[in-house]
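Structure, as structure tokens:
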Amino acid sequence: PESDENFSLRLSQLTTLNVARTDDGRFRHVIVRLDDPDIHKYPFIYMLEIGGMSLTPPEQEGLRDHLLRGGFLLVDDFWGDNAWDNLEFEMAQILPRDEYPFVDVPLDHDLFHVVFDLDEVPQVPGVNQYWDYEQSGESFEGGWYRYERYGTEARCRGIFDRNGRLMVVAMHNSDLGDGWEREGENYGYFRDFSAKKAYPMGINIVVYAMTH
Numbered sequence: 004p005e006s007d008e009n010f011s012l013r014l015s016q017l018t019t020l021n022v023a024r025t026d027d028g029r030f031r032h033v034i035v036r037l038d039d040p041d042i043h044k045y046p047f048i049y050m051l052e053i054g055g056m057s058l059t060p061p062e063q064e065g066l067r068d069h070l071l072r073g074g075f076l077l078v079d080d081f082w083g084d085n086a087w088d089n090l091e092f093e094m095a096q097i098l099p100r101d102e103y104p105f106v107d108v109p110l111d112h113d114l115f116h117v118v119f120d121l122d123e124v125p126q127v128p129g130v131n132q133y134w135d136y137e138q139s140g141e142s143f144e145g146g147w148y149r150y151e152r153y154g155t156e157a158r159c160r161g162i163f164d165r166n167g168r169l170m171v172v173a174m175h176n177s178d179l180g181d182g183w184e185r186e187g188e189n190y191g192y193f194r195d196f197s198a199k200k201a202y203p204m205g206i207n208i209v210v211y212a213m214t215h
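Here our numbering runs 3 ahead of the position in the sequence shown, where the first position is 1.
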């Protein structure tokens, strides 16, 4: 659970948000099913590695209801064409694609400026790819993914509700969670990716979600 705990710590240090803790002082993070009515207690949902995700009809209904009632979904750590196609297919079962399409979130959107000013969509590889980054400057994670159509650049795409509220954010070809989880394993990785990219983008997303 280091990703959830480290991110909660940094969120509490760098913003004024009241981050939930357990009675013994640990940061509270919860695993919740999409078809559980308790999902509505948790306005911010985080999914990752969704390349093989296949939601049941009750899960689709639960997520649809959650989003349209004001909930927010961040999807992270998925790379290449196949994983994107699967996310787009699954979300089309939840929200009609003609009414709720995925669109690129522009860099002048509040999402990139609400706390930290970011001038690019950050690409965060796993810590194990940091050596490759030092050698080549390449931060796309691995050549085994298919990326003929969407390229290797990080993309921030979203779905807006009918009132213009951004309710789904998908960080494609990036892994913010690794930047949180692995911050203590390599100083260069922490400096180049955790501190400069993963935490600023993640904090912006959470603060945007909790204030809109």
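Don't be surprised by glycine CBs; every beta carbon is placed ideally from N, CA and C. These figures come from a predicted structure and were not determined experimentally.
Paired residues, beta bridge with residue i - DSSP
i, result
"Ser177", "Phe81"
"Met50", "Val78"
"Leu98", "Looking at the DSSP assignment, Leu98 forms no beta bridge with any residue, so it has no partner."
"Val171", "Leu76 and Ile162"
"Val22", "Beta-bridge pairing links Val22 to no other residue."
"Val106", "Gly161"
"Phe30", "Arg24"
Residue i, enclosing alpha helix (DSSP H) - first and last residue
i, result
"Leu17", "Glu5 to Leu17"
"Gly205", "Tyr202 to Thr214"
"Leu114", "Counting along the chain, Leu114 falls outside any alpha helix (DSSP H), and DSSP gives it neither H nor E."
"Asp68", "Pro60 to Leu71"
Collapsed DSSP secondary structure at residue i in the structure displayed
i, result
"Arg158", "strand"
"Asp38", "coil"
"Phe143", "coil"
"Val130", "helix"
"Asp120", "coil"
"Tyr136", "helix"
"Glu188", "coil"
"Ser57", "coil"
"Glu91", "helix"
"Arg194", "helix"
Item to complete: Inspect the CB distances between the segment 63-71 and the segment 200-210 and report whether three or more fall short of 8 Å.
Response: The answer is no - the segment 200-210 does not touch the segment 63-71, with fewer than three Cβ pairs under 8 Å.
Worksheet item: How about the segment 73-82 and the segment 151-171: do they share at least three Cβ pairs that are nearer than 8 Å?
Response: In short, these stretches touch, since the Cβ pair count reaches three.
Worksheet item: With contact counted as at least three CB pairs below 8 Å, one residue from each stretch, are the segment 153-165 and the segment 173-191 in contact?
Response: Result yes; three or more Cβ-Cβ pairs closer than 8 Å.
Worksheet item: At a cut of 8 Å, does the segment 83-94 reach the segment 185-194 through at least three beta carbon pairs?
Response: Contact between the segment 83-94 and the segment 185-194 is absent, because fewer than three Cβ pairs lie under 8 Å.
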